[in-house]
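Residue numbers (the numbering used here): -18 to 124.
Glycine residues also receive a C-beta, built at the ideal position from the N, C-alpha and C atoms.
Below, the structure written as structure tokens:
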């Protein structure tokens, strides 16, 4: 009886670990997120340019910065959690630009698990059972 109980306990621990370890990487649209009221309320008035989107000429440049944000994904869809954490990551880039005396963030790309994903239309987000995360790289400039 003890052997059966031990086996059941070991099996349930392995199953729980596998469930917690889910880390699905999804791609989500940028523009539709930026058009939401959540984005309009959360983000600062600092322009964001993704990948190779064109922008005006630079009068100053701070350089490249990275942000890595996580959020609680429990009881949320992957998309809902990813949208929330993407807004948090974008706001962090904007706040850093302001702190460094810059007024725009350009060449923004996903950098989840230090893997570059360059797109002007989509971002990458890792979503698990409990957490979702977005990492971004961008260059802070003065336009």
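With DSSP as the reference, label residue i as helix, strand or coil.
{"i": "residue 22", "result": "helix"}
{"i": "residue 112", "result": "strand"}
{"i": "residue 81", "result": "coil"}
{"i": "residue 57", "result": "coil"}
Since residue i sits in a beta bridge, which residues does DSSP pair it with?
{"i": "residue 87", "result": "120"}
{"i": "residue 93", "result": "In the DSSP output, where bridge partners are listed per residue, residue 93 has none listed."}
{"i": "residue 16", "result": "None, per the DSSP bridge assignment."}
{"i": "residue 98", "result": "91"}
{"i": "residue 37", "result": "In DSSP, residue 37 forms no bridge with anything."}
{"i": "residue 29", "result": "86"}
{"i": "residue 106", "result": "7"}
{"i": "residue 72", "result": "According to DSSP, residue 72 bridges with nothing at all."}
What is the rounded straight-line gap between the Cα of residue i and the Cα of residue j?
{"i": "residue 67", "j": "residue 7", "result": "12 Å"}
{"i": "residue 17", "j": "residue 76", "result": "20 Å"}
{"i": "residue 115", "j": "residue 49", "result": "6 Å"}
{"i": "residue 72", "j": "residue 109", "result": "22 Å"}
{"i": "residue 45", "j": "residue 112", "result": "26 Å"}
{"i": "residue 106", "j": "residue 41", "result": "30 Å"}
{"i": "residue 27", "j": "residue 99", "result": "20 Å"}
{"i": "residue 62", "j": "residue 54", "result": "5 Å"}
For the putative contact between residue i and residue j, defined by C-beta atoms under 8 Å, what is the C-beta separation to the nearest angstrom?
{"i": "residue 117", "j": "residue 101", "result": "Not confirmed; about 13 Å, so no contact."}
{"i": "residue 88", "j": "residue 119", "result": "6 Å"}
Excluding five sequence neighbours on each side, which residues of the same chain lie with their C-beta closer than 6 Å to the C-beta of residue i?
{"i": "residue 39", "result": "122"}
{"i": "residue 65", "result": "52"}
{"i": "residue 130", "result": "The first residue shown for the chain is -18 and the last is 124, placing residue 130 beyond what the model contains."}
{"i": "residue 94", "result": "none"}
{"i": "residue 34", "result": "101"}
Once you ignore the five residues that flank residue i on each side, which residues in its own chain have a CB closer than 7 Å to its CB?
{"i": "residue 11", "result": "31, 102, 103, 104"}
Apart from the five residues just before and just after residue i, which ones in its own chain have a Cβ nearer than 8 Å to its Cβ?
{"i": "residue 3", "result": "108, 109, 110"}
{"i": "residue 124", "result": "28, 36, 37, 38, 39, 40, 84, 85"}
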